[in-house]
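Heads up: the sequence shown begins at 5 in the numbering used here, then just goes up one per residue. Only one structure is covered here, and it is reproduced in the block below.
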Amino acid sequence: MVYTHAELIARNDAEFSELLALIVGLPEGRLTEEFAGDGRDRNVRDVIAHLHAWHILLERWYSDGTAGGSPAIPAEGYTWRELAALNEELRLQWQQTGLSELLALLRASHESLQAMVALHTDAELAAADAYAWTQGSPLGEFAWECGGNHYAWARGVIAAGLELPAAT
Numbered sequence: 005m006v007y008t009h010a011e012l013i014a015r016n017d018a019e020f021s022e023l024l025a026l027i028v029g030l031p032e033g034r035l036t037e038e039f040a041g042d043g044r045d046r047n048v049r050d051v052i053a054h055l056h057a058w059h060i061l062l063e064r065w066y067s068d069g070t071a072g073g074s075p076a077i078p079a080e081g082y083t084w085r086e087l088a089a090l091n092e093e094l095r096l097q098w099q100q101t102g103l104s105e106l107l108a109l110l111r112a113s114h115e116s117l118q119a120m121v122a123l124h125t126d127a128e129l130a131a132a133d134a135y136a137w138t139q140g141s142p143l144g145e146f147a148w149e150c151g152g153n154h155y156a157w158a159r160g161v162i163a164a165g166l167e168l169p170a171a172t
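Structure below.
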């Protein structure tokens with residue numbers, strides 16, 4: 005789904021705010037609690053690390069692509085079919101980083117994402133062929149998937165993992 009420049013910024017910010025509100029609203033002990041089930045992400049920290057890691061990937065793609073390169077998407081040595089292995093590697097990379105540090109990093113990488121979106125017009129964000137490095141996908145789709153859509157996913161993972169009551 006591709007939004008206008010203003011819609012994309014607003015939706016990314018709204019989803020980010022909802023994610024932060026969920027986390028801030030959790031009692032201290034729940035922030036480090038292991039999730040129920042056997043999912044890849046085992047706690048809130050893992051989910052936040054996942055979001056930040058994907059922001060970093062997008063920043064690399066964007067930087068390489070706008071410099072005229074052909075970035076490795078999703079990452080060097082991985083194809084989209086190997087996404088589970090890539091996500092596990094990303095999770096393992098952040099195991100020694102605490103939640104408070106990761107939240108600060110996520111806030112900064114969210115701001116970088118939004119600054120990148122702000123540089124582009126509606127047409128640049130929506131056109132599938134605007135940038136060769138996006139391989140036929142609109143830049144706005146990358147920004148939405150690594151931004152607002154990912155934040156909504158994260159809320160669901162945290163709620164399910166902590167077995168939180170359904171929102172009303």
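For glycine and all other residues, C-beta sits at the position ideal for the given N, C-alpha and C.
Cβ-based burial, residue i [other Cβ within 10 Å; buried from 16]
i, result
"residue 48", "buried"
"residue 165", "buried"
"residue 133", "exposed"
"residue 45", "buried"
"residue 41", "exposed"
"residue 125", "exposed"
"residue 142", "buried"
"residue 147", "buried"
Cutoff 8 Å; reference residue i; Cβ partners in own chain excluding five residues on either side
i, result
"residue 87", "78"
"residue 116", "59, 63"
"residue 97", "53, 57"
"residue 106", "49, 52, 53, 56, 98"
"residue 167", "40"
Three-state class that DSSP yields for residue i in the structure shown
i, result
"residue 84", "helix"
"residue 79", "strand"
"residue 146", "helix"
"residue 168", "coil"
"residue 70", "helix"
"residue 9", "helix"
"residue 92", "helix"
"residue 153", "helix"
"residue 100", "coil"
"residue 46", "coil"
"residue 36", "coil"
"residue 132", "coil"
6 Å Cβ shell around residue i - same chain, five flanking residues per side excluded
i, result
"residue 114", "20"
"residue 94", "57"
Proximity winner among the options, relative to residue i (alpha-carbon distances)
i, options, result
"residue 159", "55, 9, 96, 8", "55"
"residue 111", "99, 24, 76, 161", "24"
"residue 7", "144, 157, 22", "144"
"residue 9", "127, 156, 169", "127"
"residue 92", "27, 43, 76, 109", "43"
"residue 33", "169, 155, 103, 156", "103"
Same chain, Cβ closer than 7 Å to residue i, neighbours up to 5 away in sequence not counted
i, result
"residue 38", "46, 47"
"residue 12", "121, 129, 144, 147, 148"
Discussion item. Check whether the segment 11-20 and the segment 147-156 are in contact - that is, three or more C-beta pairs closer than 8 Å.
Written reply: yes
Practice prompt. Take every Cβ of the segment 80-87, pair it with every Cβ of the segment 38-54, and state whether three or more of those distances are shorter than 8 Å.
Written response: In short, these stretches do not touch, since the Cβ pair count stays below three.
Worksheet item: With contact counted as at least three CB pairs below 8 Å, one residue from each stretch, are the segment 56-76 and the segment 120-138 in contact?
Response: Yes: at least three Cβ pairs fall under 8 Å.
Worksheet item: How do the segment 49-68 and the segment 116-126 stand: do at least 3 beta-carbon pairs fall below 8 Å, yes or no?
Response: yes
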